Every structure is written in structure tokens, then in C-alpha cells.
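> As you go down the protein sequences, you meet chains G and B in turn.
Going by this note's numbering, the first residue of the first sequence is number 1, and it counts up by one from there.
Going by this note's numbering, the first residue of the second sequence is number 1, and it counts up by one from there.
Every residue, glycine too, gets a C-beta built ideally from N, C-alpha and C.
Note that the structure is predicted; figures quoted are calculated from it, not measured.
Number of protein chains: 2
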Amino acid sequence: MSRGAAGAITAPSLDFTDGGTGVSRDRLVVIGGDAGGMSAASQARRRRDADELEIIAIERGTHTSYSACGIPYWIAGDVDAADDLVARAPAVFRDKYAIDVHLRHEATAIDLDRREVTARDLDGHGERTFGFDQLMIATGAVPVRPKLPGIDRPGVYGVQTLDDGAAVQAAVRPDRTCAVVVGGGYIGLEMAEALVRRGLDVTLVEAADHLMSTMDPDLADQIADAVRNVGITVRLGESVTGIEGADHVRAVTTDAGVIPADLVVLGLGVRPNSALAKSAGIDCGPTGGIVTDRQQCTSHEGVWAAGDCVETFHRVSCRPVHIALGTHANKQGRVAGINIGGGYATFPGVIGTAITKICNLEIARTGLSSRECAAVGLSGVTISVESTTRAGYFPGAELMTTKIIAERGTGRLLGAQIVGREQSAKRIDVLATALWNGMTVEEMVGMDLSYAPPFSPVWDPVLIAARKAADAVAAAR
Amino acid sequence: MSRGAAGAITAPSLDFTDGGTGVSRDRLVVIGGDAGGMSAASQARRRRDADELEIIAIERGTHTSYSACGIPYWIAGDVDAADDLVARAPAVFRDKYAIDVHLRHEATAIDLDRREVTARDLDGHGERTFGFDQLMIATGAVPVRPKLPGIDRPGVYGVQTLDDGAAVQAAVRPDRTCAVVVGGGYIGLEMAEALVRRGLDVTLVEAADHLMSTMDPDLADQIADAVRNVGITVRLGESVTGIEGADHVRAVTTDAGVIPADLVVLGLGVRPNSALAKSAGIDCGPTGGIVTDRQQCTSHEGVWAAGDCVETFHRVSCRPVHIALGTHANKQGRVAGINIGGGYATFPGVIGTAITKICNLEIARTGLSSRECAAVGLSGVTISVESTTRAGYFPGAELMTTKIIAERGTGRLLGAQIVGREQSAKRIDVLATALWNGMTVEEMVGMDLSYAPPFSPVWDPVLIAARKAADAVAAAR
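(1) Report yes or no: is there a C-beta of chain G within less than 9 Å of the C-beta of cysteine 69 (chain B)?
(2) If we cut at 9 Å on Cβ distances, does glutamate 443 (chain B) have a partner in chain G?
(3) Is cysteine 69 (chain B) helix, strand or coil by DSSP?
(4) Between which two residues does the alpha helix (DSSP H) carrying glycine 342 (chain G) extend?
(5) Going by the beta-carbon positions, is the gap between alanine 107 (chain B) and isoleucine 58 (chain B) smaller than 9 Å?
(6) Based on the DSSP secondary-structure assignment, which residues constitute the bridge partners of arginine 365 (chain B)?
(7) For glycine 70 (chain G) versus proline 461 (chain B), is the C-beta spacing smaller than 9 Å?
(8) Since proline 395 (chain G) meets chain B, which of its residues come closer than 9 Å, beta carbon to beta carbon?
(9) Are the CB atoms of valine 252 (chain B) and threonine 177 (chain B) nearer to each other than 9 Å?
(10) Mind pulling the chain B residues with CB within less than 8 Å of leucine 325 (chain G)?
(11) Assuming leucine 463 (chain G) is part of the alpha helix (DSSP H), what are its boundary residues?
(12) Enumerate, from N- to C-terminal direction, the unbroken alpha helix (DSSP H) stretches of 4 or more residues contained entirely within the region 122-172 of chain G.
(13) Quick check on this structure: which residue in B:Gly342, B:Leu399, B:Gly183, B:Glu54 has the alpha carbon closest to the alpha carbon of leucine 236 (chain B)?
(14) List the whole-angstrom C-beta distance separating leucine 431 (chain G) from leucine 449 (chain G), where the pair is believed to meet the contact cut-off of C-beta under 8 Å.
(15) For arginine 235 (chain G), report the span of its beta strand (DSSP E) as first-last.
(16) Using a cut-off of 7 Å between C-beta atoms, extract the partners of isoleucine 351 (chain G) located in chain B.
(17) DSSP three-state call for leucine 431 (chain B): helix, strand or coil?
(18) With a cut-off of 8 Å, do at least 3 Cβ pairs link the region 28-47 of chain B to the region 329-339 of chain B?
(19) What does threonine 187 (chain G) touch in chain B if you count any residue whose Cβ is under 8 Å from its own?
(20) Would you call the CB atoms of valine 240 (chain B) and valine 205 (chain B) closer than 9 Å?
(21) Taking Cβ-Cβ distances below 9 Å as the criterion, which residues of the region 354-367 of chain B are in contact with chain G?
(22) Where in the region 226-273 of chain G do unbroken runs of the beta strand (DSSP E), each at least 3 residues long, occur, reported from the N-terminal end onward?
(23) Which residues in chain G have a C-beta closer than 8 Å to the C-beta of leucine 85 (chain B)? List them in chain order.
(24) Are any of the Cβ atoms in chain B nearer than 9 Å to that of proline 217 (chain G)?
(25) If you draw a straight line from the C-alpha of lysine 426 (chain G) to the C-alpha of alanine 76 (chain G), how long is it?
(26) In three-state DSSP terms, what is glutamate 106 (chain G)?
(27) Can you tell me the Cα-Cα spacing of leucine 219 (chain B) and methionine 136 (chain G), whole angstroms?
(28) Going along the chain, which residues of its own chain have a beta-carbon closer than 6 Å to the beta-carbon of alanine 207 (chain G), five neighbours each way excluded?
(29) With distance defined between alpha-carbon atoms, name the residue in B:Asp255, B:Val310, B:Val258 nearest to lysine 278 (chain B).
(30) Whole angstroms are fine: how far does the CA of valine 142 (chain B) sit from the CA of glycine 307 (chain B)?
(31) From valine 419 (chain B) to isoleucine 363 (chain G), what distance separates their C-alpha atoms?
(32) Helix, strand or coil, according to DSSP, for arginine 115 (chain B) in the structure here?
(33) Nearest-angstrom Cα distance between serine 39 (chain G) and glycine 32 (chain G)?
(34) DSSP on arginine 371 (chain G), reduced to helix/strand/coil?
(35) Measure the beta-carbon distance from glycine 140 (chain B) to aspartate 255 (chain B) and round it to whole angstroms, keeping in mind my assumption that it falls under 8 Å.
(36) What are the start and end residues of the alpha helix (DSSP H) that includes serine 279 (chain B)?
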């Protein structure tokens, strides 16, 4: 099916032909030019060339396919320029993939009956309507922004898009000396570290009584120590009540006092940006994310979704979850694109694997935490072991803690967490792969993992933990 | 059952009592005081205390439970002293585990009818006989030492025991300027690097036309480049014909010439040290290793074996294999010890996982190589991918090559190899865990592995390789 670039065709069953070429084309419209949307677009293109499938992408911001996870490292100075975080620029999509990318266009409405998307040109050139045969929704997530007095004051930043990152980057100036980061999760901690490395006095405020709610409290304590050691003031169990200032932020008020702030970064997590889909009548789930089937198709045929705007299912809890991570967005986008392109692929769900580096600590998790086990009625036996990343005698051997939660009775691995120094946390992938395959900790003990002194003790930390967990499961029977 | 320390009791059915205490004890004799033997001894002790089980260990050398894999790092200077390589000294076994360790005693005969072991005191104090109820054979491996003219000349060293390591250490003196390493496998390469770091001119001679026969030739080429880059002369496809010299080695002769040598290190692999068991009538298999069942019991009841002296089974090839690695020895010893102690445990076999660091390269493998697949009649589809260890834009991102062999038709993972810079090779454990669980490469693509810019690109190298392999399997159908 063929349409002029700005034309709106209402009847998808009509078979238009492309300006005189005689070839019939479908049109795919992609809303959102980051991981989920552009993975889908590229995969669809690989299977159907431009003669068969016209692809139009609508992106609110000024970049495509960038690494939002890289923003804290750009702020910290580890990465030189925003462009370094861009995997594929709009010109690449246009030239190599024949994908017509419309930047600074915000989709404002989806009409499923007319099969068209309306988008507003953010540079003031009015509205356009794009008809579609297939629609890919990849609208991402929006930072949680509590309704606090002064929250919209200049100097308060979220960190979700590359444009957000640029705003923080511009805000770090010699006359700004103190920053408050609200929220002690991954992004909050990464941003706190980045800002302290840029020379600011940083206070991190967390309402819960430990950092990183995705980790168990005992491991979170190690993280708090590491964060304090680099000079970040950590205030736990303290709720922000407002943001003060006149034309610019001046302080953050909490239920325990006032913290001066020239700069406030919100790290309170994100929620699915699914409002557009929802108002079009597309089903959303209990997490607020768009519901899809295993092929990433939404409640409406020919309408697909992927990435931070969808909910997916957790293979351990068997519950729908919203986990905003580029790695899921890429995989889901690829699955959607293969299906849009006429192939067949499914997304197998997630198990909650995550990793980060905060100060000198590597931190990782997979499966369910103790709290998450309790929430779904799974009874776990929990062990922790301290071991070294290399053979104890080898230069550079560092300490690491591995925690395992195994199901009482069966010994099935339910979750694992690692906190340690260099070369510790990426071992979570071994635990994730074992968990993915439904292994018991007893079965894991015998696994043939690699050993040489520069890489691990003769019993790999994962195996030591599995062994101890197997003993604990047996003892609890 | 009780016996005096040096007494020989012939009838195991007789129930002696311990010198007046009235408690009956069994006796476990362990031949070999390294990983396999002492793991078994400690596990047995954990389940049966000294009142129930007397444990005697016989060790030919002067150390117990040491890391033979650490020897090259000790020679190189990364590790200060031999003692650093000792996990548990004899005194620890005596004092903490009540294990009576006889060092410098070489077991010379096993009499299964009389259930006794004869051992020679290597310090010239004659022979002793130890009766046993249970026998643990952990005699390890011996370096392959081809019958070449001059092979026994002073200055020619194997690297198998800590005492061997001490001999090489003593041989590295200012007046020794050139070394020849024979054999380009793990130990040969590690020793070549150690000696070049100690300032010697090192030539490595390998009869095959590529290094590291356990890796596929294309990856072995990368290794050869790295080895040559640190100044090691690599001579491939060249067979050693003899060792020249008078009272000390002076040169190594090959079918292509003469190489001056003040020092020769043999890195030609090892074979199971099973002669003692074999002459006692205990079954050995096609690899030369002692045959055991899944519980590590030999062909004779109450006689157990573990470690480098046994053969085990390969879960992918379904063939018996001899793989001399401390990690297997420890696991097998643990299994034997649990069973000796009255528990129940089995060893699940191996999949050929191995890792090392040579010069600036990390090298790892699991499963079968291309050659090994062919040898057992498995038809594989093979792919290689280059990727980065961290997000491409992240400081310290390094190149790595991941190779995957998947079964034609089914797509089942058969083997994988990694060669790359820092933080690449330990990823082999993810592939090993996937292979252990019989995953197909298509199934692997969806796995929830950890992602953050300091640890991997958004598509982890393992997933990129799996994806490419899945495409290749589909294309080959």
C-alpha cells in the first residue's frame, strides 16, 4: 500500500500502488525511535525491502537508537559526547535502511478504525497524519515525577532520554555546588556517583530504609557503605516533601529537614509511557504497561509494541512485570520486527536480571529477591557466601558476596544476588542461565564451569554458593 | 575397625577396637594428598568423626592440597612463594581434620585381597603397610615424557607437581639465558610466558601446525600472534628429535634444526597415573584412566578414585575422557568422600570447559571443538562473531571473538570458544551452563543476561553469537 509522505489513507484494504512503479507496498509506522522501535523497524526491513514495505518512524526527541543507560557515564565524564551513546543516527536509518525518520514529532493520537497516527511537529509546523497498515508502538517510559510542591521548578531533572541527559550536562556549572538526588535505585545511585565525580556535594535521599529496593537489605548495606566512602551523603528513611526556590531550585525539603540544592535529579524509577496506546483503546495491564502476546502483538491485530512501554511476564513469579531495560527492548523489538516482516518469533519473558557498577562495587541480581519471593508466596532458603574473584593467591583477587535463594523443598533456584569488586558481578549470567533452565542448586554444584587462577578459585564462587544452598535446602527438609 | 598407625591388618571383617577405648573404627587410606584425595578425606571426615573413621593419607611429595595450575604464575613472579599455592598444609589436615598425613611416602602396591597398601618411605626409612577398609586412589597424572634421546638429561623439567615447580624455579638463574618449551598447549604456553617474563629467550616448539589443539585453528592463530608479540619464538609443525648436552642440557634438536637451550620445559600434556591401580587389578578404560561409576567407586567395592588418575564421561560426546583439571578433581573427590562418609552423591560428568590467560589474551572453551565434533560424528554449523567486552563507547571496551558450534538440524549447542582481551573469557561459563542444559542456540537468543555499559553491549556477546548461530542453523536446514 502506498501513500504520500504526509498522506492519510483510511482504508487499509485498498491496494494502492507506489507512484507509477506498479509495486504494491504496505506501510509500517513506528512510534518511538529508540531501542524497541528501531529494532523492530530494522528487522522488518531485513525481511521486506523498501519495494514491499514503507517504514516511517516518529520520534519526539532529536536522536534515534541511543543508550539511555549510558547517560550517567556521559555526565561522569567516562564518555565524551552524547553522540558516542548513539548506536545508529537517523541518517543511517534513512540511508541504509530506507526508514523515513521524523524527529521532533510527537504522536498525539492513534485512530485504530482509520488506521492512522497523528503527530505534532514540536518545532511548530503543525500536525501531520500518517496512515498505517502495521503499527509499532515503542513509546518508552516516563520518569516517575511525584506531585510535590515545586517539582516543576527549573533545576529539577529526570534522566530518561538523551535530551534529559543534555539538560543535566548543561546544568553542571561551576556556580552549582550542591546536588540532591532523589531515589536510591540504579539510576539514582549512578547519577549520584557521576555528580560527585564532577565535583558537586551530593546528597542522596531515599524514602525506604535501604538503598536499591531490588536487592536484599543485607547486600544493600554494603552498597550504602561504598557510596558513603566516595563522599556522597546518604539519607535513608527520609521522604521528600517539596522543592524550594524562586526562578531556580534552591533546596529540597524532606520530613527531616532542608537540604540545599542547586540541582535536583529524580531517580524514582519510571512507568510505562502507555497513555497514547490506552486512549486508542489498546489493552494495558496491571503494571500500566501495554499488554502483548508472545509475538509482541497488542490486543489489536497489526498493532505491535515493545520496550519500556509494555509489560512482560516473569518466568519465576509467573506474573506480569514492567522492567524498563534496553536489553528487553532490543529483544522484544527484534521479535516484533520479525513478525511484522512475515517471519515468526516469540519473546520468552524475563527473569529480572540486572547489573550495575556503583563506585567500586559491582552489583547484580537475577530471579526474585527475598521480598519478591514472599510477595508471590514462594518459600525460599537463603544463603550468602564470601569468596574471591580469582584464586586467593592470585594478584588482584577481590572479595565478592554471592547470595542464593532456593525453593524450600525442591531446591529450585529462585534468585541470586552478587555484590563485589571488579570481575564479580557478571557471574550473575551463569546464575541467570541456570535459573532460566529451572535448575536446582543441587544440580548446579556439579556444573563444569571454567577454572584457572586468574579467573576464579578452584571452586567458582557460583558453585560454592550453590553447594552451600544445597546443604541449606537439605537441612531445611 | 582399629589398627596401629603402622600396623597391617589383613581381614577387614574383623572388628578390632581402638586401643582400649572400646569404639570400633573403620580405616580409610588415601593415596595422593592433592585435590582429589584430600577433598575426599575432608568430606568423609565431615560425615564421620575420628571416633568412627580413621583416615590415613599417603603423599609422595612434600605438600598437600596445592594448586598445580598456579605453578606458571609462581615461576612468572605473580605469586611470591610455593606456600601461597598450598590451600591446606599437612598440619591443617592433621590438626583440624584428624587426618594422619604421611609425606614423602610413595604407594608401591595395593593388595585388594588383603586390603592393604604398601608404601615406600622416600627418605630411606624402608617400607610400611597400611591396612584399609576403604581405599581412595588419587594418584593424579604424570607428564607425557616421550622416549627421546637425552630426555632424562639434567635441565629437562615437567611441570606437574609443586616439587616440579620448585625445580624449574631453581633452574632459572642468571647464567641460563635460553629456554625451549616443548608443546603448545595450556601449560606449555603458560610456562613460555612465565619464562619470557623472567628474562629468558624462549622458543616454543609444537609438532602440530597450530597452537592449542583444544581450540579451533582460526582462534589458535590469534593466540600465536599474541605469543609472538611478547617475544616468544613459535616454531609450528616441528617435532623434537632429541635433547643434547653433557652433564646438562645444551640444545634441543628438531626435524628442522637445532635450538640452543639452557633449560627445557615439557608441556606435552599428562596421562593418568593409573599404573598402581591397574597392577592391583582395578579396571582402567580406553583413555588409560581408572574407570569409576557415578559415585566414583572403582571396579572394586570400597575402592574409590578421583581426579587426574580417573577417566570420566563427556556429556556431549557421550565418550569417556581424561581431562586433568583441579576443578574436576575437587568435585569428584567431594563426591567420593560423601559416599565414603555414608552419604550419597554422584558426579555428573564434564563438558570440556577450560580457560586460561596467555599474554594479553583470555582463552576459553566448552563442549566440543570442530575436530572433536567430527571425531564423534556430530555435524555442526559454525559461526564466529567479533564484539566488545563492554558497550562500544565505554572506556576499556575490548575486542573479543566468540565462536559457536551448533548441531546441524536441531540447533543444539555443541561447543563454544572465546578468545579476547580482559573480561571476555569468563563468559564461557554462560555458554557452559546453556550447553549443560541442552539448550539450542535459538533458545539462547532470548535469555535474560545482564546488561549495563561497563559490562557488555546491549546485546551481550554470548547472545550476539547465539543469534548468528541460530540464523546459520536455519539457513543450513
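Taking the coordinates as given:
(1) yes
(2) yes
(3) helix
(4) Neither: glycine 342 (chain G) is in no alpha helix (DSSP H) and is coded neither H nor E.
(5) yes
(6) B:Ala354, B:Gln417
(7) no
(8) Tyr73, Asp78, Val79
(9) no
(10) Tyr451
(11) 461-475
(12) 162-171
(13) B:Gly183
(14) The pair is not a contact, with the Cβ atoms about 11 Å apart (cut-off 8 Å).
(15) 233-236
(16) Asp448
(17) helix
(18) yes
(19) Per the sequence shown, the amino acid found at residue 187 (chain G) is isoleucine instead of threonine. Per Cβ cutoff of 8 Å: no residues; isoleucine 187 (chain G) is ~11 Å from chain B at best.
(20) yes
(21) Ala354, Ile355, Thr356, Lys357, Glu362, Ala364, Arg365, Thr366
(22) 233-236, 240-245, 249-254, 257-260, 263-266, 270-272
(23) Tyr393
(24) no
(25) 22 Å
(26) strand
(27) 41 Å
(28) Ser239
(29) B:Val310
(30) 12 Å
(31) 26 Å
(32) coil
(33) 11 Å
(34) helix
(35) With 8 Å as the limit, glycine 140 (chain B) and aspartate 255 (chain B) do not qualify as a contact, their Cβ atoms being about 32 Å apart.
(36) 275-279
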